[in-house]
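Residue numbers for the sequence shown follow full-length UniProt numbering, so the first one is 1 and each next one is one higher.
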Amino acid sequence: MALLGGIYAPNTPTLIGDLGIRHEATERALKDLGQRLQDLSSIDAILVISPHFVTGRGFGLVNSSPLRQIFDFTGFPSAFYHVHYSPPGAPEVVQTLEQLARQVDVPIAVTDQWGLDHGAWAPLHHLFPAAKIPVVPISICPELGPAVHETLGHQIHQLAEKFHLLVIATGSLIHRLDLWNQDLVSYPEDARQYLRTAKEAFMQGQWELLWNAPISWREHAAPEGGELPLRVLAGAIPSFRAEILAEEEEFSAVSLTTVFFQPTGE
Numbered sequence: 001m002a003l004l005g006g007i008y009a010p011n012t013p014t015l016i017g018d019l020g021i022r023h024e025a026t027e028r029a030l031k032d033l034g035q036r037l038q039d040l041s042s043i044d045a046i047l048v049i050s051p052h053f054v055t056g057r058g059f060g061l062v063n064s065s066p067l068r069q070i071f072d073f074t075g076f077p078s079a080f081y082h083v084h085y086s087p088p089g090a091p092e093v094v095q096t097l098e099q100l101a102r103q104v105d106v107p108i109a110v111t112d113q114w115g116l117d118h119g120a121w122a123p124l125h126h127l128f129p130a131a132k133i134p135v136v137p138i139s140i141c142p143e144l145g146p147a148v149h150e151t152l153g154h155q156i157h158q159l160a161e162k163f164h165l166l167v168i169a170t171g172s173l174i175h176r177l178d179l180w181n182q183d184l185v186s187y188p189e190d191a192r193q194y195l196r197t198a199k200e201a202f203m204q205g206q207w208e209l210l211w212n213a214p215i216s217w218r219e220h221a222a223p224e225g226g227e228l229p230l231r232v233l234a235g236a237i238p239s240f241r242a243e244i245l246a247e248e249e250e251f252s253a254v255s256l257t258t259v260f261f262q263p264t265g266e
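Next comes the structure, spelled out in structure tokens:
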């Protein structure tokens with residue numbers, strides 16, 4: 001079996017419907033990448049780490065089928081709430097990942113009390129619009145810290161010895177909604193430096209460049225989920241070749257960076 005790749009994708013609700021703001025480059029990149037991956041190989045399951053699925057004391061794995069679609073946003077036009085995306089779950093993948101995590105003392109539990117929040121389905125409905133590929137939502141757990149998230153990623157890497165998997169982490173490298181409506185021309189310079197460093201880390205295949213970025217840059221960028229979705233992805237795909245497929249922004253407050261990570265070996 002194989003780990004087919006990893007994706008870092010934006011998850012903004014503006015990818016769902018028309019607010020007068022269109023992210024055509026992002027939407028096109030996601031659609032083209034989804035088609036490319038399906039042409040390449042069958043996919044047994046998509047593991048998706050959304051910063052909107054947050055648990056305490058341990059990680060959560062969602063095991064239900066079909067997955068419940070969660071509209072965890074308010075104040076949008078009614079059309080946003082009529083987009084349907086409810087793919088099947090992957091119970092065998094969930095069970096195997098739970099066992100692998102417990103083998104290395106990573107606290108984890110299976111639940112049917114969550115589903116697919118917009119942090120997951122907003123990009124997924126562009127990547128795989130038919131919603132036929134099984135999906136496993138995985139939470140982040142801030143109290144466990146970055147290293148444990150990478151350890152979970154390592155176990156996902158092992159999981160790929162048994163299944164054809166795709167791993168998707170979602171979010172924004174700059175996520176400063178507090179700057180919205182402040183009539184800014186661009187992000188603060190420290191935030192922009194963080195974004196540049198992240199893209200450099202991706203293109204050089206060196207996660208440590210991002211982890212070692214100055215704290216002030218990270219604080220001004222406020223990456224969504226505090227880098228934790230990316231930490232899981234890094235554990236799953238430690239060695240890679242990256243393609244930055246789209247780069248956009250909205251409201252001078254949020255970056256939209258779409259990246260594909262092609263595994264290159266151990």
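Glycine included, C-beta positions come from ideal geometry on N, C-alpha and C.
Per-residue DSSP class, three states only, for residue i
| i | result |
| --- | --- |
| Arg28 | helix |
| Gly153 | helix |
| Tyr194 | helix |
| Gly115 | coil |
| Pro263 | strand |
| His175 | strand |
| Arg36 | helix |
| Ile7 | strand |
| Gln69 | strand |
| Arg22 | coil |
| Phe240 | strand |
| Ala213 | coil |
| Trp207 | helix |
| Tyr81 | helix |
| Thr74 | coil |
| Ala130 | coil |
DSSP bridge partner residues for residue i (one or two, in chain order)
| i | result |
| --- | --- |
| Thr257 | Glu247 |
| Val110 | Leu61 |
| Ile140 | Val54 |
| Val135 | Ile46 |
| Thr170 | Ala9 |
| Ala120 | Looking at the DSSP assignment, Ala120 forms no beta bridge with any residue, so it has no partner. |
| residue 269 | Outside the displayed span of the chain (1 to 266) sits residue 269, for which this structure offers no information. |
| Ala2 | His164 |
Contact test: residue i Cβ vs the ligand MG heavy atom, cutoff 7 Å
| i | result |
| --- | --- |
| Arg176 | This structure lacks the ligand MG; in fact it carries no ligand of any kind. |
Residue i, buried or exposed, once every other Cβ within 10 Å from all chains shown has been counted against 16
| i | result |
| --- | --- |
| Val259 | buried |
| Val93 | buried |
| Val167 | buried |
| Glu227 | buried |
| Leu82 | Inspection of the sequence shows that residue 82 is occupied by His rather than by Leu. That one is exposed. |
| Lys132 | exposed |
| Ile21 | exposed |
| Gly145 | exposed |
| Asp117 | buried |
| Gln69 | buried |
| Ile215 | exposed |
| Arg36 | exposed |
| Val62 | buried |
| Gly171 | buried |
| Arg196 | exposed |
| Gly265 | exposed |
| Val48 | buried |
| Val104 | exposed |
Cβ separation of residue i and residue j, assumed to be a contact under 8 Å, to the nearest whole Å
| i | j | result |
| --- | --- | --- |
| Val136 | Gly89 | 7 Å |
| Phe261 | Gly5 | 6 Å |
| Leu209 | Ala45 | Not a contact, Cβ separation roughly 30 Å. |
| Gly56 | Pro107 | Between Pro107 and Gly56 the Cβ distance is about 10 Å, and since that is not below 8 Å, they are no contact. |
| Ala242 | Phe202 | 4 Å |
| Ala120 | Ser50 | 4 Å |
Same chain, Cβ closer than 6 Å to residue i, neighbours up to 5 away in sequence not counted
| i | result |
| --- | --- |
| His220 | Pro188, Asp190, Ala191 |
| Phe251 | Trp180 |
Close beta carbons around residue i, own chain, < 7 Å, minus the five adjacent residues each side
| i | result |
| --- | --- |
| Phe80 | Pro13, Ile16, Gly17 |
| Ala160 | Met1, Ala2, Leu3 |
| Pro263 | Leu3, Gly5, Ile237, Ser239, Phe240 |
| Leu100 | Gln155, Gln158, Leu159 |
| His175 | Ala222, Pro223, Glu224, Val254 |
| Ser42 | His164 |
Residue i at chain E interface by Cβ criterion, 8 Å
| i | result |
| --- | --- |
| Glu227 | Here there is only one protein chain, and chain E is not present. |
Contacts around residue i, its chain only, beta-carbon distance under 8 Å, and the 5 residues preceding and following it disregarded
| i | result |
| --- | --- |
| Phe73 | Pro13, Phe80, His118 |
| Pro91 | Asn63, Ser65 |
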